[in-house]
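**Q** In the UniProt record's numbering, the protein residues as written are 1 to 720.
All residues carry an ideal CB built from backbone N, CA and C; glycine is no exception.
The model shown is predicted, which means the values in this text are computed figures rather than measured ones.
Here it is, the structure in full.
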């Protein structure tokens, strides 16, 4: 309609009948409509990698309207405050992003020629596609001019149409697919490199770090390798093309038209971006309410599903469903409020762009009417408008996304900058393990500098000796084991194995010398044979079976439907406590260690199962230096050396008989356990029980004898 209003002016420039300018206008209208449709489809698919497009086809568009899912790159309030704090400490953006240079070797494949060729192709594709982005609308303008000039003659500029077709083909989705194929291995390299580096770094961090971090949080941080590879994708396919589009398009418009047209376009884009940044403050409260409601609804869902057994036991299925629906209603209400705010902002921004486009188009039409520019350039300008304005409209969204990406990867950056507190010295040598003598010499240690955990602990464990550590909970028994494993470094004194300070040997060789049977063995959610082989990766099936026979678990495994290929479940939930303990013993036997560590290996199991485990433990510890942490004193009465630890100090030492003669702390602990057992004898007599009891706190007898306690003439300390 706007072109039709200029028909009288065009008539004066056209020769021949009145039909000619009408045909010109029809050709121009058709060409203009085709250019707009093609350009719209082009920008919908052009800048988005294939992988991202499968997840969300409109990723490259500004996020002004709420979609079905929350933007994964949306920056939270906490992340924004963290970023601003770092920026404040750094002083400027240059120093803020400087630490990120450590990721360059992980993103750029310096040693992979094949991937470097792929990157070179991506750069070439970027340059050529940007040129085609200008040539296609320009060629369309040339065709329009020639159609207008030859209207009514029945001539079609086939050569120009063919050129336009070739250019359009080169700009088509086929070459975008080739680009994505070249980028996929580059992105995968970046993700694998970053994730592997992060995972290995976390696994090498010390125990004090892992004690302060939740596993789910660490998994989330390590997975930020995806975020950094997304930054690479973002720079290659969105930011770089955007800057190239704006630069080339503005240069072309400036050379074709004048500075006024450029001023209108850029001014509209600047006002659009300013409105986006300023108006986002209007929706802060709505967004906060939305985030809170979303968290509450997710929490209600998670609690109901994760506590299904409790919900069922109390018959509260409907109650949980009603609670979830209530939270969903609040979520939907908050979402509607946020949508209204976003739609209002989007309407305001769109009005600015529409006004700028109307002014620019009116100016171009006026110049066409004055004969200053040909009609084809009007079509070209309309197509180039999208080339310039679509990227500009994305700038505010891209800035939020970059900030969110940097904030996400910042947690990974901080993680990779964290240094382990326990490391091998550069001059460390492999442990030369011969006999297995362990010496603690005036060892001091504390978790908190304000409170001592161990103070001047000294003792010698001769080769093949069994050393038992007993005492009240929190006295420092398990800490001694951790120091031997060098999970922590001591603050004073020394720990030596065969005359070598453990701080002077490599961590790998030190920890390879131990065989540990923990109180609560952790198993992977896989088969029994894979869990057993984890102790010795090159162990044969026969080696594993022999270790299981020694651990008194082979016959039990053979009764399982899938035998050694049976799944144990998450953390071994399909196995009983005694079965898991014997699996742990079999693992230790497979390692064939010189030094064995038993940390409450017979706790929380019945007497019959304990007898089987004690039998397996005797096979494991025979001829090996052994450390035993135990609360059941009956399980360590045959130890060569018993250390009574209280408040981080050794208050008594000796064997069972020697400590009884001292009549000190050890006898007091023994008497308490014996009195608990004696209190249960009347109950056993009335119920006719035929086996000694297992006390609720784990302080029960060894259970080697099945003779009822009531038949014994004398109840000695050894019996208990």
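Span of the alpha helix (DSSP H) holding residue 509?
**A** Locating residue 509 in the chain shown gives position 509, counting from the first residue. Residue 509 -> alpha helix (DSSP H) spans 507-511.
**Q** Please state if the CB of residue 494 and the CB of residue 441 are separated by a distance shorter than 8 Å.
**A** Here the question's residue 441 lines up with position 441 in the chain shown. Here the question's residue 494 lines up with position 494 in the chain shown. Cβ atoms of residue 441 and residue 494: closer than 8 Å.
**Q** From residue 743 to residue 324, what distance separates their C-alpha atoms?
**A** There is no way to answer for residue 743, as the model of the chain reaches only from 1 to 720.
**Q** Could you check if residue 623 is buried or exposed, using at least 16 other CB atoms within 10 Å of its CB as the buried criterion?
**A** As a position in the chain shown, residue 623 is number 623, starting the count at 1. It counts as exposed.
**Q** Tell me the rounded alpha-carbon separation between residue 91 and residue 103.
**A** The sequence position of residue 91 within the chain shown is 91, counting from 1. The sequence position of residue 103 within the chain shown is 103, counting from 1. For residue 91, the pLDDT reaches just 49, beneath the cut-off of 50, and the residue's location in the model is therefore unreliable, leaving the point undetermined.
**Q** CA-CA distance, residue 310 and residue 301?
**A** As a first step, residue 310 is located in the chain shown; it is residue number 310 there, counting from the start. As a first step, residue 301 is located in the chain shown; it is residue number 301 there, counting from the start. Taking the straight line joining both Cα atoms gives about 14 Å.
**Q** Per DSSP, residue 163 forms a beta bridge with which residues?
**A** Position 163 of the chain shown, counted from the start, is the residue given in the question as residue 163. Looking at the DSSP assignment, residue 163 forms no beta bridge with any residue, so it has no partner.
**Q** If you count every other CB in all the chains shown that lies within 10 Å of the CB of residue 531, and 16 or more means buried, which is it?
**A** The residue you call residue 531 lines up with position 531 of the chain shown. Answer is buried; the Cβ neighbour count reaches 16.
**Q** Excluding sequence positions up to five away, which residues of its chain have a Cβ less than 7 Å from the Cβ of residue 551?
**A** Within the chain shown, the letter at position 551 stands for residue 551. Closer than 7 Å at the Cβ level, and outside the excluded window around residue 551, lie 582, 585, 586, 589 and 616.
**Q** Quick one: give me the first and last residue of the alpha helix (DSSP H) that residue 354 is part of.
**A** On the chain shown, position 354 is the one that residue 354 refers to. 317-369 is the extent of the alpha helix (DSSP H) around residue 354.
**Q** Report the partner residues of residue 494 according to the DSSP bridge assignment.
**A** Numbered from its first residue, the chain shown carries residue 494 at position 494. Beta-bridge pairing links residue 494 to 441.
**Q** What do you get for residue 290, buried or exposed, if any count of 16 or more other CB atoms within 10 angstroms of its CB means buried?
**A** Taking the chain shown and counting its residues from 1, one reaches residue 290 at position 290. Answer is buried; the Cβ neighbour count reaches 16.
**Q** Can you tell which of 218, 175, 642 and 315 has the C-alpha that lies nearest to the C-alpha of residue 771?
**A** An answer regarding residue 771 cannot be provided, because it is not within the stretch 1 to 720 covered by the chain.
**Q** Going by the CB atoms, is the gap between residue 380 and residue 109 shorter than 8 Å?
**A** For this step, residue 109 is matched to residue 109 along the chain shown. For this step, residue 380 is matched to residue 380 along the chain shown. Not a contact, by the Cβ cut-off of 8 Å.
**Q** Going by other Cβ atoms of all chains shown within 10 Å of its Cβ, with 16 needed for buried, is residue 696 buried or exposed?
**A** Working through the chain shown from its first residue, we reach residue 696 at position 696. For residue 696, the pLDDT reaches just 37, beneath the cut-off of 50, and the residue's location in the model is therefore unreliable, leaving the point undetermined.
**Q** Taking all protein chains shown into account, decide if residue 370 is buried (16 or more other Cβ within 10 angstroms of its Cβ) or exposed.
**A** Here residue 370 corresponds to residue number 370 of the chain shown, with the count starting at 1. Exposed, by the Cβ-count rule.
**Q** I'd like to check one pair, residue 519 with residue 610: are the Cβ atoms closer than 8 Å?
**A** Your numbering for residue 610 matches position 610 in the chain shown. Your numbering for residue 519 matches position 519 in the chain shown. Going by C-beta atoms, residue 610 is not nearer than 8 Å to residue 519.
**Q** Looking at C-alpha atoms only, which residue of 365, 219, 107 and 292 is the closest neighbour of residue 199?
**A** Start at 1 with the first residue of the chain shown, and residue 199 comes out as number 199. That would be 219, whose Cα lies nearest to the Cα of residue 199.
**Q** Based on DSSP bridge pairs, tell me the residues matched to residue 468.
**A** Counting from one through the chain shown, the residue named residue 468 turns up at place 468. Per DSSP, 628 and 642.
**Q** Roughly how many angstroms lie between the CA atoms of residue 439 and residue 642, to the nearest whole one?
**A** By 1-based counting over the chain shown, the position of residue 439 is 439. By 1-based counting over the chain shown, the position of residue 642 is 642. Distance between the alpha carbons of residue 439 and residue 642 is about 15 Å.
**Q** In this structure, what does DSSP give as the bridge partners for residue 429?
**A** Here the question's residue 429 lines up with position 429 in the chain shown. Per DSSP, 505.
**Q** Could you check the C-alpha separation between residue 368 and residue 188 for me, to the nearest Å?
**A** In the chain shown, counting from the first residue as 1, residue 368 sits at position 368. In the chain shown, counting from the first residue as 1, residue 188 sits at position 188. The straight-line gap from Cα to Cα measures roughly 51 Å.
**Q** By the three-class DSSP mapping on this structure, what secondary structure does residue 596 have?
**A** In the chain shown, counting from the first residue as 1, residue 596 sits at position 596. Residue 596: strand per DSSP, three-state reduction.
**Q** Where do the ends of the beta strand (DSSP E) carrying residue 652 lie?
**A** Within the chain shown, the letter at position 652 stands for residue 652. Its beta strand (DSSP E) spans residues 649-654.
**Q** Short of 8 Å in beta carbon distance, which residues of its chain neighbour residue 54, apart from the five on each side in sequence? Order them along the chain.
**A** As a position in the chain shown, residue 54 is number 54, starting the count at 1. Because the pLDDT of residue 54 is 37, which lies under 50, any placement of that residue in the model is unreliable, and the number read from its coordinates should be weighed accordingly. Same-chain partners within the cutoff: there are none.
**Q** Tell me residue 461's beta-bridge partners as DSSP assigns them.
**A** Here residue 461 refers to the residue found at position 461 when the chain shown is read from its first residue. 438.
**Q** Would you kindly check if the distance between the Cβ of residue 651 and the Cβ of residue 665 is under 8 Å?
**A** For the purposes of this step, residue 665 is identified with residue 665 of the chain shown, where counting begins at 1. For the purposes of this step, residue 651 is identified with residue 651 of the chain shown, where counting begins at 1. Against a cut-off of 8 Å, the Cβ pair of residue 651 and residue 665 comes out as a contact.
**Q** Report yes if the C-beta distance between residue 660 and residue 593 is below 8 Å; otherwise report no.
**A** Position 660 of the chain shown, counted from the first residue, corresponds to residue 660. Position 593 of the chain shown, counted from the first residue, corresponds to residue 593. No, Cβ-Cβ distance for residue 660 and residue 593 is not below 8 Å.
**Q** On the DSSP bridge assignment, give the partners of residue 614 in chain order.
**A** Locating residue 614 in the chain shown gives position 614, counting from the first residue. For residue 614, which the question treats as bridged, DSSP gives no partner whatsoever.
**Q** Helix, strand or coil for residue 448 per DSSP?
**A** Locating residue 448 in the chain shown gives position 448, where the first residue counts as 1. It is a strand residue.
**Q** Tell me whether residue 497 is buried or exposed, calling it buried when 16 or more other Cβ atoms sit within 10 Å of its Cβ.
**A** The residue given as residue 497 occupies position 497 in the chain shown. Its Cβ being crowded by 16 or more others within 10 Å, residue 497 is buried.
**Q** Taking three-plus beta-carbon pairs below 8 Å as touching, is the stretch 477-491 in contact with the stretch 409-419?
**A** Too few Cβ pairs lie closer than 8 Å, so no.
**Q** Could you have a look at residue 141 and say whether DSSP puts it in helix, strand or coil?
**A** Position 141 of the chain shown holds residue 141. Here residue 141 sits in helix by DSSP.
**Q** Express the C-alpha separation of residue 506 and residue 427 in angstroms, rounding to a whole number.
**A** Reading the chain shown from its first residue, position 427 is the one you call residue 427. Reading the chain shown from its first residue, position 506 is the one you call residue 506. When rounded, the distance between both Cα atoms is 9 Å.
**Q** From residue 425 to residue 307, what does the alpha carbon distance come to, in whole angstroms?
**A** As a first step, residue 425 is located in the chain shown; it is residue number 425 there, counting from the start. As a first step, residue 307 is located in the chain shown; it is residue number 307 there, counting from the start. Straight-line Cα distance between these residues: approximately 48 Å.
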